[in-house]
Amino acid sequence: MTAAFVAGVGMTKFEKPGKREWDYPDMARESGTAALADAGLEYGQVEAAYVGYVYGDSTAGQRAVYELGLTGIPVVNVNNNCSTGSTALYLATQAVRSGQVDVALALGFEKMLPGALAAGYEDRESPLLRHLLALAELEEFAMPAAPYMFGAAGREHMRRFGSTPEQFARIAEKNHRHSAANPYAQFQDIYSLEQIQAAPMIYDPLTKLQCSPPSEGSAAAIVVSERFLDANGLRDRAVEIVGQSMVTDLASTFEAKSAITLVGADMSATAARQVYAQAGITPDQIDVIELHDCFSTNELLTYEALGLCEEGQGSTLVDADATTFGGQVVVNPSGGLISKGHPLGATGLAQCAELTWQLRGTAGDRQVQGATLALQHNIGLGGAAVVTAYRPAS
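Below, the structure written as structure tokens:
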């Protein structure tokens, strides 16, 4: 397979639903135009587009990228729950690596309603029903479903390994603090640990400030082959995708009888191991990570799934301030989903944009100094986990 490189990225500011008067074509035009300009390319050079969104009608992907041009290229609509954006990136990367195209666009957007996520259809089984029924055997069912699932996983971790509500709250404090330096973040407010703990309880141990909000916005990436990269003089600013894996639910998801596996820990761990093998790296070499902190509990679980520590030891990283600036590895310098926001279809591509900026050394006040190896983790229940490793091309 040929190598694949991110040559350009772009994103909108993430916004509270209804705050800004725009529709998804406006979002896509803004992020897509920015990504093309960042790469120094024209839309006519793009040979395929993969467009992700969760809430939208069929062929909304075409309508979105028609804002960039009408060139007849294949446009694939992508929906993989909260991992939709990184799935679009995965497909664009596969198209380039296989030699099908030299230039692919991955773009994600989401236009959301305020409040908790709602089912799109009432006349058919929810894709998460099997997960929810399995979890209800372990923890009494509650709504909304997402905080219930990730809150139950946090409770299990507390019972099995002794983690505490304060440690989960400290993760949220970190991410809100990081987002203050991110002009693209939905929230840029710093909260004390006490404020986070005192916020309204959504599902114990998760308070409101430990939960990702509904968000609107878009992000995009241009993925190119090595021959195109060098022929067009793009190497200096590009980052190479040195490992990438997508893993869906395993038998262990249900057989383990564990809330932690039901929210994707085994998917994440399997994808991470595959990426480390592809890239020839180990977790201790990583400088910066953007991971799927849809809830603070999931960030701690993902420390373990990504191999940053042993199983059950995620809380030790929190206590040591090991996942912020000056620590072992900087996790979610963007503010993560909790504070940057979580427009489902755009999240994975916003992570890609952040890590591209970090590896270029252009992330401003949130720059991780000397970053040369970055890891992205994005998960969607139902389910799919996508893990990607990046290095500067030069």
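Per UniProt numbering, the sequence shown starts with residue 1, numbered consecutively.
Glycine included, C-beta positions come from ideal geometry on N, C-alpha and C.
Inter-segment contact for the stretch 146 to 157 and the stretch 289 to 304 is present: three or more beta-carbon pairs are separated by less than 8 Å. In this structure, the alpha-carbon of Y276 lies about 10 Å from that of S245. Burial state of A353 is buried, judged by a 10 Å Cβ sphere holding 16 or more other Cβ atoms. Within the stretch 255 to 306, the complete beta strand (DSSP E) segments at least 3 residues long are 288 to 290, listed from N- to C-terminus. Between the alpha carbons of P283 and L308 lies a gap of roughly 6 Å. Of all C-beta pairs linking the stretch 308 to 323 to the stretch 356 to 372, fewer than three are shorter than 8 Å, placing the two stretches out of contact. The beta carbons of M1 and Y184 sit no closer together than 8 Å.
Scanning the stretch 190 to 247 from its first residue to its last, the whole alpha helix (DSSP H) runs of 4-plus residues come out as 193 to 198, 226 to 231. 8 Å or more divides the Cβ of A271 from the Cβ of F109.
Annotation for A39: A7, G8, I222 place their beta carbon closer than 6 Å to its own, counting only its chain and skipping 5 residues before and after. Secondary structure at F5: strand, using DSSP grouped into helix, strand and coil. In terms of Cβ geometry, L349 and I289 do not form a close pair [threshold 8 Å]. F14 has its alpha-carbon roughly 37 Å from the corresponding atom of A256. The residues N79, N81, T84, E110, L344, G345, in chain order, have a CB closer than 7 Å to that of V54 in the same chain once the five nearest residues on each side in sequence are set aside. Membership of P25 in the alpha helix (DSSP H) is indicated by the continuous run 24 to 39.
Contact between A180 and Q186 does not hold, since the beta-carbon distance rounds to 12 Å and is not under 8 Å. Going by DSSP, Q376 is part of no alpha helix (DSSP H) but of the beta strand (DSSP E) stretching over 374 to 380. Here DSSP, grouped into helix, strand and coil, assigns E21 to coil. Apart from sequence neighbours up to five positions away, the residues of its chain that approach R130 with a beta-carbon distance below 8 Å are F254, ordered along the chain.
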